[in-house]
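A.B. asks: So that you can map any letter, position 20 of the sequence shown is 20 in full-length UniProt numbering, and since no number is skipped, the others follow by simple counting. Cβ coordinates follow ideal geometry from the N, Cα and C atoms, glycine included. These numbers come from a predicted model, not from an experiment.
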Amino acid sequence: MEAQTEIVAKINKVEILVIENGQKLVPIKPICEAFGIDDKAQRQKIQDDEILGSIGVLSTSVGADGKSWEMLCTPYK
Numbered sequence: 001m002e003a004q005t006e007i008v009a010k011i012n013k014v015e016i017l018v019i020e021n022g023q024k025l026v027p028i029k030p031i032c033e034a035f036g037i038d039d040k041a042q043r044q045k046i047q048d049d050e051i052l053g054s055i056g057v058l059s060t061s062v063g064a065d066g067k068s069w070e071m072l073c074t075p076y077k
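1) According to DSSP, simplified to helix, strand and coil, what is Glu33?
2) Would you report the Cα separation of Ala3 and Leu25, rounded to the nearest angstrom?
3) Let me know the alpha helix (DSSP H) ranges lying completely inside the UniProt domain "Antirepressor protein ant N-terminal" (16–76), each 4 residues or longer, listed in chain order.
4) Quick one: what's got a C-beta closer than 7 Å to Arg43's C-beta in the same chain, skipping five residues either side?
5) State the start and end residues of the unbroken beta strand (DSSP E) segment that holds Ala3.
6) Rank Gly66, Ala64, Gly63 and Ile46 by C-alpha distance to the C-alpha of Val57 and give the top, closest one.
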């Protein structure tokens, strides 16, 4: 089953997507880019957090270049 995407917001011209592939997920990296935050540092903070670390999900996506990329996502409710 191919994942479906939906634009749920635009921040500083960056589209924030929800990916639905069995559950709705929001990738963290585009949000960090929209706010000018270092996504690698934010990813580590989320993974280290007692609450957020337990809900973060690593999702694999295939980019336009055909390569597989791992994204840290949080559930969208």
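C.D. replies: Reading off the structure:
1) Locating residue 33 in the sequence shown gives position 33, where the first residue counts as 1. In the structure shown, Glu33 sits in a helix (DSSP, three-state: H, G or I).
2) The sequence position of residue 3 within the sequence shown is 3, counting from 1. The sequence position of residue 25 within the sequence shown is 25, counting from 1. Computed Cα separation, rounded: 10 Å.
3) Within the UniProt domain "Antirepressor protein ant N-terminal" (16–76), the complete alpha helix (DSSP H) runs of at least 4 residues are 28–35, 39–48 and 52–55.
4) Position 43 of the sequence shown, counting from 1, holds the residue named residue 43. Around Arg43: Ile28 and Leu72.
5) Here residue 3 is taken as the residue at index 3 of the sequence shown, counted from 1. Secondary structure note for Ala3: it is in no beta strand (DSSP E), with a DSSP letter that is neither H nor E.
6) The residue you call residue 57 lines up with position 57 of the sequence shown. Closest by alpha carbon: Ile46.
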